[in-house]
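Chains as they are written, first to last, in the working numbering: chain A, 1 to 167; chain B, 1001 to 1573.
Cβ coordinates follow ideal geometry from the N, Cα and C atoms, glycine included.
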Amino acid sequence: MHHTLVALVEDKPGVLNRVASLFRRRNFNIESLTVGRTAEPGISRMTIVIDSDQASAERVTAYLYKLVNVLQVEDLGTVPAVARDLALVKVAVAGHDRSALLRVVDETRAHIVDTGEQTMTLEITGEPPHVDAVIRRLEPLGIVEMVRTGQVAMRRGDSTLSAAQDS
Amino acid sequence: MPKRTGAQIIWECLVHEGVHTVFGYPGGAILPAYDAMLDYPVRHILVRHEQGATHMADGFARAGGGVGVAIATSGPGATNMVTGIATAMMDSSPIVCITGQVPSKLIGYDAFQETDITGITLPITKHSYLVTRVEDIMPAVKEAFHLAKSGRPGPVLVDVTKDAQQASVEWAWDPRPVQMRGYRPDYPITREDLTRAAALIRGSRRPVILAGQGVIQSGATRELVALAERIDAPIAMTLLGLGGVPASHPLNLGMMGMHGEAWVNHAIQEADLLMAFGMRFDDRVTGNVKTYAPHAKKIHVDIDPSEINKNVRADAAIVGDLRETLVDLLDVLEPADHEQWLAHIDAMKGDAAVRDIQKLPDTGHLYAAHVINDIWRITGGNAVVVTDVGQHQMWEAQYYHHETPRSLLTSGGLGTMGFALPAAIGAKIARPDAEVWAIVGDGGFQMTQAELATAAQEGIKINIAIINNGYLGMVRQWQEFFYERRYAATPLRNPDFVKIAEAHGLEGLRVEKRSQVNDVVERARAADGTVLIDFRVEQEDSVYPMVPAGADLHAMIRRPERTVLAETGADPI
Ligand SMILES: Cc1ncc(C[n+]2csc(CCOP(=O)(O)OP(=O)(O)O)c2C)c(N)n1
Ligand SMILES: [Mg+2]
């Protein structure tokens, strides 16, 4: 089962290393990990997706709290949340019928962000399963390069995760 | 404000933290700090290997209850500390390690004696700092002490670049307490958790308390004894918990686990309630977790929330300081009586007594158990004993009966050979009035034997009992039990330990017969300087009972009958 953990951390040198090292040392597999700034200066937000059972997700949360620079951790699997993943996919177009590709773009809300002589680059944004589905449709057309950001996620509704509140 | 160099600020901070002794070894990247040291009222113990410095700091912390400080240079000086840091981490011992680092401009360029020591020690420290600016030294050192000693204690490393030590800044001590946003070591105990735990305790017919090192670290001896007496529950001890409850207390059953007493392990397996107080269900105490205490509900009290449900699922958990928790439980629990259960456990002791080699007649053979039990008797159980790792460590736990907290120091979690001698030196410095004994195997002694020179140079008086069986005994025992007595790389051809002591200007003595133990031990105690005693014990004795690694806790290998016969002289094997 996938668990999406969100961690607010102090933006200090080595924090990413500490978090990544924890997963390695405790033998958990990271599916994706993203880090970025938050609205509050000095605080970064990590979204970590792991494949584990509920008990393991609880253990990871407890271990994350042991890290001195970690302020807040939440398992978004336990609350309603929005999740987004972004992919850039370069697809071969030379010698192809471009209409197949354009149909995928049309039907999936993908965007053409660059056009070359041999390739076209698409941007796909959405819930991770949506991104997966679009990529599956592009595969037969010939994907030559791809990058995904990994998932970012946030609670739905008015409630927020902020570094100020207590766990 | 006066100007201070970074090197001076390090010592200013240490003095403000109450440090009077540090254990260390100099080198290029830490030289500015060493130069500044001469102007501060701090005693420096010059070790012979940086591992020794970390174990001394650890022994100092465990014996005295304060924070131990070790100091080393960059590169090899820092990497030599790794084993001692990992030892302190596994046993939650509060130490602060200060290392020099190459100048900040050279970091990342593979400069001479550059190693990424904060990276290397990341998984074996509670936290660490790489300080590259003089202004950051005080906050880092202050936080390091705060982290090391609060919550679940542990080692903290502060790596300071040479240029940060050399730079100057206008400086004054900041007396405000440390505030760290992401670190909240104090957990309020909730009424709900207490109520749930109390209900389980009231409903229990066959309770057992499991007492760990948390009892010692939270200073909860009195409260724990009061609770045990109130609810009439027997207490089983972890290795690191020994001393947390007086061994002579009638409710103290003794040690549990791999080499625990048979009746203790059986009591745990038959219990209907385990109250785990400041212990972490290490695999050495549970055996096979799938068959561990199958009838028991579990209450787990620990200061570290990540320990709850880690190895054993808890039916009730309280995260917080153990002493406070016990005070709260004492408020709500009424007296109970478990006479039948206690009598049942007591009856199981009879079976063990006939197998106890302590009870067998003296055949002239010298057994480690005899030596250790004699030292216990002669010292009145009042010594601080520091063990190494191996068979002698387990015999110490079985045959030296500890009455007070911080009277047994031993590497439990990591099982670090070489711990005893340096940790004993650190313990003696923390408690100069205590009688300190290092009980150490012939193998492990040689791992940090160089620290004899430290004891000699610093004029530190400890007593060293080498339990010399000519083997890496504990490994030999596993080979005997599980590898058909194929003794691969376990026999030792040892140096003459008496001469080694003498070469350091220390007294060395040898004991080969039980009848000599008393006089030699007394002579060592009376001597002014460190005395080393080479006890030539039975070579192929084994520690019993033994739960093989991963086996069910009740599936113990017991001392076999034929050895009993050999002891009585009936069947010489
Ligand atoms: C640094 C280190 N290396 C290896 C081991 C594995 N080990 C555990 S006990 C032991 C034998 C110890 O022999 P000795 O010091 O003579 O003590 P004895 O068991 O004979 O009492 C060994 C090698 C260890 N615990 N620590
Ligand atoms: Mg030995």
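Where does residue i land, buried or exposed, given buried means 16+ other C-beta within 10 angstroms?
i	result
residue 1570 of chain B	Confidence is the limiting factor: at residue 1570 of chain B the pLDDT is only 37, short of 50, which leaves the residue's position unreliable, though a coordinate-based value still follows. By the neighbour-count rule (16 or more Cβ atoms within 10 Å), residue 1570 of chain B is not buried but exposed.
residue 165 of chain A	At residue 165 of chain A, the pLDDT of 49 sits below 50, so the modelled position is not reliable and the matter cannot be decided from this model.
residue 1307 of chain B	buried
residue 1411 of chain B	buried
residue 1395 of chain B	buried
residue 1149 of chain B	buried
residue 91 of chain A	buried
residue 53 of chain A	exposed
residue 1092 of chain B	buried
residue 1003 of chain B	exposed
residue 1 of chain A	exposed
residue 1255 of chain B	buried
residue 1121 of chain B	buried
residue 1560 of chain B	exposed
residue 6 of chain A	buried
residue 1192 of chain B	exposed
residue 1579 of chain B	Nothing about residue 1579 of chain B can be reported from this structure: the residues present for chain B run from 1001 to 1573 only.
residue 1398 of chain B	buried
What number of angstroms, rounded off, separates the C-alpha of residue i from the C-alpha of residue j?
i	j	result
residue 1357 of chain B	residue 1538 of chain B	12 Å
residue 1417 of chain B	residue 1334 of chain B	45 Å
residue 1047 of chain B	residue 62 of chain A	38 Å
residue 1190 of chain B	residue 1302 of chain B	14 Å
residue 94 of chain A	residue 37 of chain A	40 Å
residue 16 of chain A	residue 1142 of chain B	23 Å
residue 1247 of chain B	residue 1401 of chain B	6 Å
residue 1576 of chain B	residue 1431 of chain B	Missing from the structure shown is residue 1576 of chain B; chain B here goes from 1001 to 1573 and no further.
residue 1212 of chain B	residue 1241 of chain B	4 Å
residue 1094 of chain B	residue 82 of chain A	43 Å
residue 1055 of chain B	residue 132 of chain A	53 Å
residue 109 of chain A	residue 124 of chain A	7 Å
residue 1172 of chain B	residue 21 of chain A	36 Å
residue 1052 of chain B	residue 1460 of chain B	15 Å
residue 1348 of chain B	residue 1557 of chain B	16 Å
residue 146 of chain A	residue 119 of chain A	12 Å
residue 10 of chain A	residue 1075 of chain B	28 Å
residue 1476 of chain B	residue 70 of chain A	45 Å
residue 1420 of chain B	residue 1522 of chain B	21 Å
residue 1572 of chain B	residue 1443 of chain B	The predicted model places residue 1572 of chain B with a pLDDT of 33, which falls under 50 and marks its position as unreliable; any figure quoted below should be read in that light. Looking at the two C-alpha atoms, the distance is approximately 27 Å.
residue 1084 of chain B	residue 1058 of chain B	8 Å
residue 76 of chain A	residue 3 of chain A	7 Å
residue 167 of chain A	residue 1157 of chain B	Residue placement at residue 167 of chain A cannot be trusted, given a pLDDT of 41 that sits under 50; the coordinates are not used to answer.
residue 1010 of chain B	residue 1138 of chain B	7 Å
Beta carbon of residue i: closer than 7 Å to some heavy atom of ligand 4?
i	result
residue 1442 of chain B	Among the ligands modelled here, namely ligand 1 and ligand 2, ligand 4 does not occur.
Between which two residues does the beta strand (DSSP E) containing residue i stretch?
i	result
residue 1463 of chain B	1463-1468
residue 1203 of chain B	No beta strand (DSSP E) contains residue 1203 of chain B, which is instead part of the alpha helix (DSSP H) from 1191-1203.
residue 45 of chain A	43-51
residue 1604 of chain B	Within the shown structure, residues of chain B are numbered from 1001 to 1573, placing residue 1604 of chain B beyond reach of any answer.
residue 159 of chain A	Run containing residue 159 of chain A: none; DSSP gives neither H nor E here.
residue 1320 of chain B	Segment: none, residue 1320 of chain B is in no beta strand (DSSP E) and carries neither H nor E.
residue 959 of chain B	Only positions 1001 to 1573 of chain B appear in this structure, which leaves residue 959 of chain B out of reach.
Residue i and residue j: beta carbons closer than 8 Å?
i	j	result
residue 1371 of chain B	residue 1427 of chain B	no
residue 1131 of chain B	residue 1160 of chain B	yes
residue 1391 of chain B	residue 1474 of chain B	yes
residue 135 of chain A	residue 87 of chain A	yes
residue 1018 of chain B	residue 1073 of chain B	no
residue 1289 of chain B	residue 1194 of chain B	no
residue 1490 of chain B	residue 1472 of chain B	yes
residue 1345 of chain B	residue 1253 of chain B	yes
residue 1152 of chain B	residue 1220 of chain B	no
residue 1532 of chain B	residue 1508 of chain B	yes
Considering just the uninterrupted stretch of the alpha helix (DSSP H) at residue i, what are its terminal residues?
i	result
residue 1101 of chain B	From DSSP, residue 1101 of chain B is part of no alpha helix (DSSP H) but of the beta strand (DSSP E) over 1095-1101.
residue 1288 of chain B	Per DSSP, residue 1288 of chain B belongs to no alpha helix (DSSP H) and is neither H nor E.
residue 1474 of chain B	1473-1482
residue 1120 of chain B	1117-1120
residue 1266 of chain B	1262-1270
residue 1522 of chain B	1514-1526
residue 1428 of chain B	1420-1430
### Message
Taking beta-carbon pairs under 7 Å, can you tell me which members of the region 23-54 of chain A lie near chain E?
### Response
The structure shown contains no chain E; its protein chains are A and B.
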